[in-house]
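What follows is one structure encoded as structure tokens, with my remarks underneath.
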Amino acid sequence: MSVVNDTRKLAKLLLKSGKIDRPSYDKITASADETGKAQDSPGTKQPKSRHTNPMDGEAIRVISAMKLPMADGANKILDEEAIVKILAQAYGMTYHKLDPLELDVDIVTRTIPRPFALRHLVLPLYERNGKLSVAVLDPENIDTLDGIARATGKKIQPILATPSDIRKIIYEFYGFKDSVVKAEEQLRRAKDIDLGNLEQLNRIKKPEQIQSDDEHIKNAVEYLFNYAFDMRASDIHIEPRRETCAVRFRIDGALNDVYQIPKGVFQAIGSRIKMLARMNIAEKRRPQDGRIRIEHGGKFSELRISTMPSAFGEKLAIRVLQPEMLMRDLGGLGFFPEDLIRVEGFLNRPHGIILVTGPTGSGKTTTLYSAMSFLASPEKNIISIEDPIETMHDSFNQTAVQPSIGWTFATALRTILRQDPDIIMVGEIRDHETAEAAVQAALTGHLVLSTLHTNDTAASITRLIDLGVKPFQINASVVGIIAQRLVRTVCPKCAKIVETPTRSLKQLGINLEAEKVKLKEAVGCEDCRFTGYHGRTAMYEVMEIDDNIRQMIHEGRSSDVLMKYALSHGMAALKDNAVRRMLAGATTLSEIIQMGYTL
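Going by this note's numbering, the first residue of the sequence shown is number 1, and it counts up by one from there.
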């Protein structure tokens with residue numbers, strides 16, 4: 001029996017490698033002996049296990065489930081990945097953490113059939129220099145590799161991978177490709193598909209639960225959503241091109257190519273998504289907005305759908321919103337302590353306007369929702385006006401603007417004032433009418449939260465004046481402004497600490513007193529998909545509108561003058577907080593240079 005399925009044999013290898021100690025070895029073999037006795041007991045009917053495949057790596061599954069400590073002093077658990085890495089070292093092979101975004105769906109799916117891949121847990125990865133790299137679980141599975149070599153006529157380069165990674169990609173890639181191919185065949189046979197018969201989606205299945213006889217278009221959409229959730233995508237872009245349609249995911253702020261869909265299938269997939277979002281399927285000439293509520297793995301997420309006519313068809317952009325990410329504690333958003341004190345001071349005011357500014361995709365919505373969550377209590381009536389509603393929350397009364405029927409931010413604000421509100425959230429101040437209504441709401445004793453699209457805090461004053469708000473109205477209503485951006489956080493598992501001379505930082509406009517500083521540098525590993533970064537964090541610039549700033553606004557001073565005053569009286573600029581994030585080890589010098597936070 002192969003080492004990946006023989007628990008005792010694998011335990012001996014782990015003990016010999018020094019990765020487990022003798023007590024852990026005895027625990028593994030004792031468990032194997034008990035299992036063997038139970039199976040050999042006469043008259044005992046053994047339940048049928050899902051692990052009946054002789055190639056499934058049962059020994060890896062059994063040992064990793066024990067969660068034994070590794071004996072090398074690294075304070076790590078002997079999990080599936082650690083075991084396969086030890087196997088790779090023992091057999092002189094390469095271990096590879098499988099990243100779906102690095103793989104070509106066509107190469108993976110056309111080389112060997114799905115049943116063969118699942119039975120032997122092998123997965124073709126890519127072809128380079130005439131060699132076909134194949135991920136395998138069993139380092140002793142020579143016969144299967146020889147069979148693939150004969151079938152393909154190529155030299156095989158085996159690479160070890162974990163059973164869960166191999167299974168996951170088999171289910172996702174073969175399932176998605178099969179759905180797209182069958183949908184294309186179906187659409188070729190019948191020009192029209194009755195999308196109206198597909199039921200409303202409120203729960204998506206895991207890839208291994210999707211049946212091949214389900215509707216092919218529905219399957220393809222479910223695989224696509226599963227794939228996006230697994231990749232931590234914040235946005236899904238479906239972009240029609242001249243001959244095909246590109247699918248791209250935004251992960252940690254960067255777009256990644258995922259798949260090319262045939263043009264005919266793209267139209268059906270787009271219609272399916274629009275139907276789930278309760279949008280007009282027939283309307284392709286005008287932009288539309290919609291939303292889908294998804295249950296995935298016991299958690300609920302919101303998908304915000306936006307369509308736009310383009311040169312080769314209707315483009316779809318899907319924003320993935322997870323409630324636990326939107327509703328966060330203010331202290332966990334990334335504020336430095338002094339800025340957090342200022343923000344909480346703004347929110348504890350009985351009335352006034354608090355503005356959150358920044359470009360699209362800078363995390364303003366998360367800040368607003370977290371602020372409303374901070375303010376929420378049974379004694380307060382919080383009403384939000386959004387375009388569209390990002391996520392539902394029981395503590396708020398939420399309404400979405402509908403310009404087609406005259407329900408705009410301004411008209412909604414006037415109506416809300418008759419709904420006895422305490423706190424009002426306006427999704428965006430974008431015109432004079434909305435700005436005027438927000439000011440009136442603040443002047444009549446309400447706390448108003450809203451957003452503007454400006455580069456920094458001081459520019460928000462200029463923007464309000466451009467929208468027609470009088471300087472005395474700004475002075476009487478605005479209490480604080482928060483500007484923000486997002487930067488990628490360095491991967492904690494592979495980051496390298498580098499001593500950097502401060503004289504090289506001075507050339508970038510970063511002035512520090514010490515001669516050298518220790519900075520983190522992005523390296524890249526399996527956990528971060530070799531980008532060196534994992535996740536993003538926010539940086540803030542918090543301006544309090546005090547009496548001196550009000551006097552300068554009254555005198556018509558420029559935003560540069562306002563900014564200079566605020567910086568000289570304790571406000572930290574976005575650039576300064578970016579440098580503090582870098583010095584704290586949250587991000588890297590190259591990231592803040594790329595984001596333009598130097599000079």
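Even glycine gets a Cβ: it sits at the ideal position worked out from N, Cα and C.
Predicted, not measured: the structure shown is a model, and the values here were computed from it.
May I have the straight-line CA-CA distance separating residue i from residue j, to the nearest angstrom?
i    : j    : result
R167 : L519 : 39 angstroms
K85  : E58  : 16 angstroms
L486 : A228 : 20 angstroms
D56  : S133 : 20 angstroms
C528 : N475 : 47 angstroms
Y171 : H453 : 42 angstroms
E390 : V439 : 24 angstroms
T109 : Q267 : 23 angstroms
E386 : M392 : 11 angstroms
T44  : S24  : In this prediction, T44 scores a pLDDT of 49, lower than 50, which makes its location untrustworthy; the coordinate-derived value is nonetheless stated afterwards. Distance between the alpha carbons of T44 and S24: 29 angstroms.
S31  : V136 : 27 angstroms
I294 : V579 : 38 angstroms
V221 : R241 : 19 angstroms
H569 : S395 : 37 angstroms
I63  : I28  : 7 angstroms
L276 : S362 : 27 angstroms
E526 : M582 : 23 angstroms
P359 : I269 : 30 angstroms
A437 : L413 : 6 angstroms
T52  : R286 : Residue confidence for T52 is low, a pLDDT of 42 falling below 50, so the modelled location carries little weight and cannot support an answer.
R304 : H96  : 35 angstroms
Q200 : I292 : Bear in mind that a pLDDT of 40 at Q200, under 50, signals an unreliable position, so the model cannot answer this.
D194 : I281 : Bear in mind that the predicted position of D194 carries a pLDDT of just 39, short of 50, making it unreliable; the figure below should be weighed with that in mind. Taking the straight line joining both Cα atoms gives about 12 angstroms.
L10  : G334 : 45 angstroms
R119 : D6   : 17 angstroms
Q288 : E314 : 10 angstroms
R50  : T162 : Unreliable placement is indicated for R50, whose pLDDT of 40 sits below 50; the coordinate value is still reported in the next sentence. C-alpha separation (whole angstroms): 18 angstroms.
P262 : M308 : 19 angstroms
I156 : I593 : 42 angstroms
I'd like to check one pair, residue j with residue i: are the Cβ atoms closer than 7 angstroms?
i    : j    : result
S370 : L340 : no
V247 : V258 : yes
R536 : G253 : yes
R278 : G290 : yes
S384 : M425 : yes
D381 : D422 : The identity of residue 381 in the sequence shown is Asn, whereas the question assumes Asp. Taking 7 angstroms as the Cβ cut-off, N381 and D422 qualify as a contacting pair.
L512 : S477 : no
T588 : A522 : yes
I148 : A71  : no
E433 : T451 : no
F346 : V479 : yes
I60  : V3   : no
A410 : T489 : no
I481 : S460 : yes
L125 : L101 : no
Q484 : A538 : yes
Quick one: is residue i buried, meaning 16 or more other Cβ sit within 10 Å of its Cβ, or exposed?
i    : result
S504 : exposed
L255 : exposed
A65  : exposed
S554 : Before going on, a small fix: residue 554 reads as His here, not Ser. When all chains shown are included, H554 counts as exposed.
V448 : buried
I142 : exposed
G630 : Past the boundaries of the shown model lies residue 630; the chain is included only from 1 to 599, so the question cannot be answered.
I311 : One detail in the question is off: residue 311 reads as Ala in this sequence, not Ile. Label assigned to A311: exposed.
K16  : exposed
S212 : Note that S212 scores a pLDDT of 44, beneath 50, so its modelled location is shaky and nothing firm can be said.
K48  : Caution applies to K48, whose pLDDT of 43 falls short of 50 and renders its modelled position unreliable; the value that the coordinates give is listed next. By the 10 Å Cβ count, K48 comes out exposed.
F472 : exposed
R150 : exposed
R418 : exposed
Contact check, residue i vs residue j under 8 angstroms by CB: the rounded distance?
i    : j    : result
S301 : A317 : So it is not a contact: roughly 16 angstroms between Cβ atoms.
I159 : T94  : 5 angstroms
M571 : E541 : 7 angstroms
V356 : L375 : With 8 angstroms as the limit, V356 and L375 do not qualify as a contact, their Cβ atoms being about 14 angstroms apart.
I217 : A233 : That belief does not hold up - the Cβ atoms of I217 and A233 are roughly 21 angstroms apart, past 8 angstroms.
P139 : L87  : 6 angstroms
Just to check, is the beta-carbon of residue i closer than 6 angstroms to a non-hydrogen atom of the ligand MG?
i    : result
I217 : With respect to small molecules bound, the structure shown includes none, and the ligand MG cannot be examined in it.
Quick check: is the beta carbon of residue i nearer than 7 angstroms to any beta carbon in chain C?
i    : result
I353 : Absent from the structure is chain C; it holds one protein chain and no more.
task = Jot down the residue ranges of each uninterrupted alpha helix (DSSP H) in the segment 553–581, minimum 4 residues, whole runs only, in chain order.
result = Whole alpha helix (DSSP H) segments, 4+ residues: 559–568.
- prompt: What runs of the alpha helix (DSSP H), each 4 residues or longer, lie entirely inside the segment 57–119?
  reply: Correct list: 58–65, 80–90, 105–111.
If you scan the segment 466–495 from start to end, which runs of the alpha helix (DSSP H) of 4 or more residues do you find wholly inside it? 471–477
As an exercise, report each continuous beta strand (DSSP E) stretch of at least 3 residues that is fully enclosed by the segment 406–471, in chain order. 423–426, 447–452
Residue ranges of each alpha helix (DSSP H) run of no fewer than 4 residues wholly in the segment 324–367, ordered along the chain? 337–347
task: Please list the segments of the beta strand (DSSP E) lying wholly inside the segment 249–283, counting only runs of 3 or more residues, in order along the chain.
output: 254–262
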